[in-house]
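**Student:**
2 protein chains.
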Amino acid sequence: MVNNIPVEKAKTSKIHNVDFDNLAFGTTYTDHMLVSDFNDGEWSAPKIIPYQPVTLEPSSKIFHYGQSIFEGLKAYKDEQGSVWLFRPMENFKRLNKSAKRLAIPELPESHFIDGLTALLRLEQDWVPQNPGSSLYVRPFMFASGTGFHASPADKYKFIIALAPSGAYFSGKVKVLIEEKYSRAANGGVGYAKAGGNYAGQFYPTQLAAEKGYQQVIWTDDNNHEFIEEAGAMNVFVRINDTLITAPTNDRILDGITRKSILDIAKDEGIDTEVRKVSVKEVVDAAKNGSLKEMFGAGTAAVVSPIAAFGYKDVDYELPELGDSYASKLKKRITDIQYNRAEDKFGWRYKVV
Amino acid sequence: MVNNIPVEKAKTSKIHNVDFDNLAFGTTYTDHMLVSDFNDGEWSAPKIIPYQPVTLEPSSKIFHYGQSIFEGLKAYKDEQGSVWLFRPMENFKRLNKSAKRLAIPELPESHFIDGLTALLRLEQDWVPQNPGSSLYVRPFMFASGTGFHASPADKYKFIIALAPSGAYFSGKVKVLIEEKYSRAANGGVGYAKAGGNYAGQFYPTQLAAEKGYQQVIWTDDNNHEFIEEAGAMNVFVRINDTLITAPTNDRILDGITRKSILDIAKDEGIDTEVRKVSVKEVVDAAKNGSLKEMFGAGTAAVVSPIAAFGYKDVDYELPELGDSYASKLKKRITDIQYNRAEDKFGWRYKVV
Chain S
1 MVNNIPVEKA
11 KTSKIHNVDF
21 DNLAFGTTYT
31 DHMLVSDFND
41 GEWSAPKIIP
51 YQPVTLEPSS
61 KIFHYGQSIF
71 EGLKAYKDEQ
81 GSVWLFRPME
91 NFKRLNKSAK
101 RLAIPELPES
111 HFIDGLTALL
121 RLEQDWVPQN
131 PGSSLYVRPF
141 MFASGTGFHA
151 SPADKYKFII
161 ALAPSGAYFS
171 GKVKVLIEEK
181 YSRAANGGVG
191 YAKAGGNYAG
201 QFYPTQLAAE
211 KGYQQVIWTD
221 DNNHEFIEEA
231 GAMNVFVRIN
241 DTLITAPTND
251 RILDGITRKS
261 ILDIAKDEGI
271 DTEVRKVSVK
281 EVVDAAKNGS
291 LKEMFGAGTA
301 AVVSPIAAFG
311 YKDVDYELPE
321 LGDSYASKLK
331 KRITDIQYNR
341 AEDKFGWRYK
351 VV
Chain E
1 MVNNIPVEKA
11 KTSKIHNVDF
21 DNLAFGTTYT
31 DHMLVSDFND
41 GEWSAPKIIP
51 YQPVTLEPSS
61 KIFHYGQSIF
71 EGLKAYKDEQ
81 GSVWLFRPME
91 NFKRLNKSAK
101 RLAIPELPES
111 HFIDGLTALL
121 RLEQDWVPQN
131 PGSSLYVRPF
141 MFASGTGFHA
151 SPADKYKFII
161 ALAPSGAYFS
171 GKVKVLIEEK
181 YSRAANGGVG
191 YAKAGGNYAG
201 QFYPTQLAAE
211 KGYQQVIWTD
221 DNNHEFIEEA
231 GAMNVFVRIN
241 DTLITAPTND
251 RILDGITRKS
261 ILDIAKDEGI
271 DTEVRKVSVK
281 EVVDAAKNGS
291 LKEMFGAGTA
301 AVVSPIAAFG
311 YKDVDYELPE
321 LGDSYASKLK
331 KRITDIQYNR
341 AEDKFGWRYK
351 VV
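Protein sequences, first through last, are from chains S and E. Position 328 of the first sequence, counting from 1, maps to 328 under full-length UniProt numbering, and the rest follow consecutively. Position 225 of the second sequence, counting from 1, maps to 225 under full-length UniProt numbering, and the rest follow consecutively.
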């Protein structure tokens, strides 16, 4: 229960050092964090302690065998000062899906939901009210148990840390459709929010950045024929007036923003299709003018319009639309998140 | 230079608490470790300090984005008490290959080779002399820099830790040829010793263990048609008198034991083939009696004979051979490693 979670209060607060008008993404942390340890076969009762470093043995398996998973969600403050989460149960369920695939013990629901609620109530002053800002919530779990044998650890740590944050991307994004590297294997861990899925993307993303692209759009690892996701976000394509995104599978993250955007789009009367999207289809549509929009969708990225994509050394510019799906859908979803509109889907969760 | 590496000595030694006759694999650590930190664009001069915990911010990227790589090698003590490494430059080169793919800054050669030599000279009493035992050497590198933005860290830590160890596998190994899950994607990080590659194998390996198998033999993620590697080791198949192993590629680790075994086998006059091996070929060979042996090869596993493999709910037993390639090749390679035989390939590296 939320009120039963013990709190060890920080002696002083750092909040007065923070410039809430100029927040970067995920670089400032609040005064407290929630922790629970898996030991002797069970997760300990969660507790809130001052935000502090973690001390680990050099043989802790997190350093060697990559057992780490995370979630990302945001807390939003409305004009009345109430604090809201967006579909937190979806994050909880996905955390445990990731845990299972990485052979990490699953977390009890109350540790997540009650723990998060208690932590956010304590830290509610840290939720920014500035437009576009929010309190980014980072639940994560990793192997703290030791040993050089390549097998699952016997001890794990679960932490929720909070970071008041501004926008993830600034401005429109230029992306590269990948032809060589891959993010995930069939039968692999691509659908999990596993640390290793991110590290593998950095080098190809650096190569893309050297050519002027901010993100890579990953394609299937067999033939690089179909568009999958963009690592930090799922990808939507609008051809004529139809909004299309790839189906989730064991390579593609089941994004909460992705599925919410699909529901909102249907509610808006937009024709949506969840099906494989080939690179050829997108390139052909760009050439013949039927490609109207591309955008990414994710908790951190919200809805990020794509200005242009590169493929086989050619850049394809997307048109500038006055009344884009991206802007309409972004407004709808953020209005729900910030409690500025009716919550007809029942997605908001009131923290305080 | 080896002698210039500063040493902060441990106040007491733990060596007298260690039962060198009953060593597990990688669970006991020596008194000291080597550390170097990447900061402001360069790796600091390595130093030797007492083996001790590592303290990290909760926002350190190792916990979130999986930037971690490692190496594994062994130090062997001969009958005269001299300590040897086996092809350590190969580990150094592979560490930097892994680093590059994971967007981790590459390490200078002297940090690795001189650092390792200095550490092993200091800890030489920890190298076991018992048959089958050795001092397992674990160089590893991970992102210590902070931030929730999914991008490479700006700070990293390199550590070499040492663990006197017995055998990785006890007895013969029963393996399962995987039909559903995969270890690596084309264009992915399978060839790197990245932490995330291991975490992804644990759950399928647990499922295999529930059916009585100790290891999974991974197959390609497209059709599960070809044998790749076994996660903790590369795989060799002997059909009639020909020894076959898969070529390395971006999904398969370029094992140092693997390539040494190939060289030794050729030197022994054994017919070797490096080519794709289909599951069908192995199953057919098992059925018609031409499959004589299967074994794994890796630093930890050395040469581990496979007693049986499972595929599509059928177990295929391998014959018990009096004079197997596995036993012959294991003797040749360990005789070189422990300085019991001529080193015609120039693989040994004398530490002290």
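Yeah, the Cβ is synthetic: ideal placement off N, Cα and C, and Gly gets one too. If you're wondering where the values come from, they're calculated on a predicted model, not measured in any experiment.
How close, in whole Å, do the beta carbons of S/R251 and S/G190 come, if the pair is a contact with beta carbons under 8 angstroms?
**Tutor:** What you label residue 251 of chain S is simply residue 251 of the first sequence in a count that begins at 1. What you label residue 190 of chain S is simply residue 190 of the first sequence in a count that begins at 1. Between S/G190 and S/R251 the Cβ distance is about 4 angstroms, and since that is below 8 angstroms, they are a contact.
**Student:** Round the Cβ separation of E/V175 and E/Q215 to the nearest angstrom and send it over; I've been treating them as touching at under 8 angstroms.
**Tutor:** The residue you call residue 175 of chain E lines up with position 175 of the second sequence. The residue you call residue 215 of chain E lines up with position 215 of the second sequence. Right, their Cβ atoms sit about 5 angstroms apart.
**Student:** Anything in chain S within Cβ reach of E/R101, meaning under 8 angstroms, just list it in chain order.
**Tutor:** Along the second sequence, one-based indexing puts residue 101 of chain E at 101. Result: G200, Y203.
**Student:** At a Cβ threshold of 9 angstroms, is residue 353 of chain E touching chain S?
**Tutor:** Because chain E is modelled from 1 through 352, residue 353 of chain E falls outside the range shown and cannot be assessed.
**Student:** What span of residues does the alpha helix (DSSP H) with E/N288 cover, start to end?
**Tutor:** As a working mapping, residue 288 of chain E is identified with position 288 in the second sequence. Where E/N288 is concerned, the enclosing alpha helix (DSSP H) stretches over 279-288.
**Student:** Is S/A286 near S/Y325, with beta carbons less than 9 angstroms apart?
**Tutor:** For the purposes of this step, residue 286 of chain S is taken as residue 286 along the first sequence, with counting starting at 1. For the purposes of this step, residue 325 of chain S is taken as residue 325 along the first sequence, with counting starting at 1. Going by beta carbons, S/A286 and S/Y325 fall outside the 9 angstroms limit.
**Student:** For E/I244 versus E/V274, is the C-beta spacing smaller than 9 angstroms?
**Tutor:** Stepping through the second sequence from its first residue, residue 244 of chain E is reached at position 244. Stepping through the second sequence from its first residue, residue 274 of chain E is reached at position 274. Closer than 9 angstroms, so yes.
**Student:** Identify the continuous alpha helix (DSSP H) that holds E/A209 and give its terminal residues.
**Tutor:** Taking the second sequence and counting its residues from 1, one reaches residue 209 of chain E at position 209. 195-210 is the span of the alpha helix (DSSP H), which, as asked, contains E/A209.
**Student:** Quick one: is S/D40 buried, meaning 16 or more other Cβ sit within 10 Å of its Cβ, or exposed?
**Tutor:** As a first step, residue 40 of chain S is located in the first sequence; it is residue number 40 there, counting from the start. The residue in question, S/D40, is exposed, as its Cβ has fewer than 16 Cβ neighbours within 10 Å.
**Student:** Given a limit of 7 angstroms on CB to CB distance, which residues of the region 129-150 of chain E reach chain B?
**Tutor:** No chain B appears in the structure shown, which is made up of the protein chains S and E.
**Student:** From the DSSP secondary-structure annotation, give me the bridge partner or partners of E/W84.
**Tutor:** Position 84 of the second sequence, counted from the start, is the residue given in the question as residue 84 of chain E. Looking at the DSSP assignment, E/W84 forms a beta bridge with E/Y76, E/K350.
**Student:** Does DSSP put S/Q67 in a helix, a strand or coil?
**Tutor:** For the purposes of this step, residue 67 of chain S is taken as residue 67 along the first sequence, with counting starting at 1. Looking at S/Q67 - three-state DSSP - the assignment turns out to be coil, as it is neither helix nor strand.
**Student:** How about S/D220: is its Cβ closer than 8 angstroms to a heavy atom in the ligand HEM?
**Tutor:** As far as ligands go, the structure on display features none, and thus does not contain the ligand HEM.
**Student:** Using only CA atoms, which one of E/G231, E/L23, E/K344 lies nearest to E/P128?
**Tutor:** Position 128 of the second sequence holds residue 128 of chain E. Taking only the C-alpha atoms, the option nearest E/P128 is E/L23.
**Student:** Identify which residue in S/D154, S/K292, S/A161 has its Cα closest to the Cα of S/D37.
**Tutor:** Taking the first residue of the first sequence as position 1, residue 37 of chain S is located at position 37. The alpha carbon of S/D37 has as its nearest neighbour, out of S/D154, S/K292, S/A161, the alpha carbon of S/D154.
**Student:** Classify S/E90 as helix, strand or coil using the three-state DSSP reduction.
**Tutor:** Stepping through the first sequence from its first residue, residue 90 of chain S is reached at position 90. Helix at S/E90.
**Student:** Residues of chain E with a CB under 7 angstroms from the CB of S/K180: which are they?
**Tutor:** Residue numbering aside, residue 180 of chain S sits at position 180 when the first sequence is read from its first letter. Here the neighbours are G187.
**Student:** Since E/Y156 sits in a beta bridge, which residues does DSSP pair it with?
**Tutor:** In the second sequence, residue 156 of chain E corresponds to position 156, counting from 1. In DSSP, E/Y156 forms a bridge with E/F38, E/A143.
**Student:** How big is the Cα-Cα spacing for E/S327 and S/Y156?
**Tutor:** As a first step, residue 327 of chain E must be located in the second sequence, where it is residue number 327. As a first step, residue 156 of chain S must be located in the first sequence, where it is residue number 156. Looking at the two C-alpha atoms, the distance is approximately 39 angstroms.
**Student:** Quick check: is the beta carbon of E/D40 nearer than 9 angstroms to any beta carbon in chain S?
**Tutor:** Here residue 40 of chain E refers to the residue found at position 40 when the second sequence is read from its first residue. Closer than 9 angstroms: no.
**Student:** To the nearest angstrom, how far is it from the Cα of S/D21 to the Cα of S/S165?
**Tutor:** As a first step, residue 21 of chain S must be located in the first sequence, where it is residue number 21. As a first step, residue 165 of chain S must be located in the first sequence, where it is residue number 165. Near 10 angstroms, if we compare the C-alpha coordinates of S/S165 and S/D21.
**Student:** Less than 9 angstroms separating the beta-carbons of S/L107 and S/P88?
**Tutor:** Counting from one through the first sequence, the residue named residue 107 of chain S turns up at place 107. Counting from one through the first sequence, the residue named residue 88 of chain S turns up at place 88. No, the Cβ-Cβ distance between S/L107 and S/P88 is not below 9 angstroms.
**Student:** When you compare the CB positions of E/I159 and E/L34, do they come within less than 9 angstroms of one another, or not?
**Tutor:** Within the second sequence, the letter at position 159 stands for residue 159 of chain E. Within the second sequence, the letter at position 34 stands for residue 34 of chain E. The answer is yes: Cβ separation under 9 angstroms.
**Student:** Going straight from the alpha carbon of S/E268 to that of S/F86, what length do you get?
**Tutor:** The residue labelled residue 268 of chain S in the question sits at position 268 within the first sequence. The residue labelled residue 86 of chain S in the question sits at position 86 within the first sequence. S/E268 and S/F86 have their alpha carbons spaced roughly 20 angstroms apart.
**Student:** Determine the chain S residues that contact E/T27 at a beta-carbon separation under 7 angstroms, and present them in chain order.
**Tutor:** The residue given as residue 27 of chain E occupies position 27 in the second sequence. Those within 7 angstroms of E/T27 in chain S are G147.
**Student:** Give me the Cα-Cα distance between S/E210 and S/A265, rounded to the nearest whole angstrom.
**Tutor:** Locating residue 210 of chain S in the first sequence gives position 210, where the first residue counts as 1. Locating residue 265 of chain S in the first sequence gives position 265, where the first residue counts as 1. Here the C-alpha atom of S/E210 lies approximately 35 angstroms from the C-alpha atom of S/A265.
**Student:** I'd like to know whether the C-beta of S/H64 is nearer than 9 angstroms to at least one C-beta of chain E.
**Tutor:** The count along the first sequence starts at 1 and reaches residue 64 of chain S at position 64. It does; some Cβ of chain E falls within 9 angstroms.
**Student:** When we look at the beta-carbon of S/Q80 and count the other beta-carbons within 10 Å, is it buried (16 or more) or exposed?
**Tutor:** The residue labelled residue 80 of chain S in the question sits at position 80 within the first sequence. S/Q80 should be labelled exposed.
**Student:** Per DSSP, which one or two residues make a beta bridge with E/P305?
**Tutor:** Mapped onto the second sequence, residue 305 of chain E falls at position 305. E/P305 pairs with E/F295.
**Student:** With a threshold of 9 angstroms between beta carbons, is E/I5 in contact with chain S?
**Tutor:** Along the second sequence, read from residue 1 onward, the residue named residue 5 of chain E stands at position 5. Not closer than 9 angstroms to any Cβ of chain S, the Cβ of E/I5 fails to qualify, so no.
**Student:** Between which two residues does the beta strand (DSSP E) holding S/Q215 run?
**Tutor:** Within the first sequence, numbered from 1, the residue matching residue 215 of chain S stands at position 215. Looking at the DSSP string, the run of the beta strand (DSSP E) that includes S/Q215 is 215-217.
**Student:** Going by beta-carbon coordinates alone, are E/A161 and E/F140 separated by less than 9 angstroms?
**Tutor:** Residue 161 of chain E sits at position 161 when you count from the first residue of the second sequence. Residue 140 of chain E sits at position 140 when you count from the first residue of the second sequence. Yes, these two residues count as a Cβ contact at 9 angstroms.
**Student:** What residues of chain E sit near S/L55, judged by a beta carbon separation below 9 angstroms?
**Tutor:** For the purposes of this step, residue 55 of chain S is taken as residue 55 along the first sequence, with counting starting at 1. Looking at the sequence itself, residue 55 of chain S is Thr, so the reference to Leu does not match. Neighbours of S/T55 on chain E, chain order: P53, V54, T55, L56.
**Student:** Between which two residues does the alpha helix (DSSP H) carrying E/Y316 extend?
**Tutor:** For the purposes of this step, residue 316 of chain E is taken as residue 316 along the second sequence, with counting starting at 1. Counting along the chain, E/Y316 falls outside any alpha helix (DSSP H), though it belongs to the beta strand (DSSP E) covering 314-317.
**Student:** Between which two residues does the alpha helix (DSSP H) containing S/L119 stretch?
**Tutor:** The residue given as residue 119 of chain S occupies position 119 in the first sequence. It spans 109-122 - the alpha helix (DSSP H) in which S/L119 sits, taken as one unbroken run.
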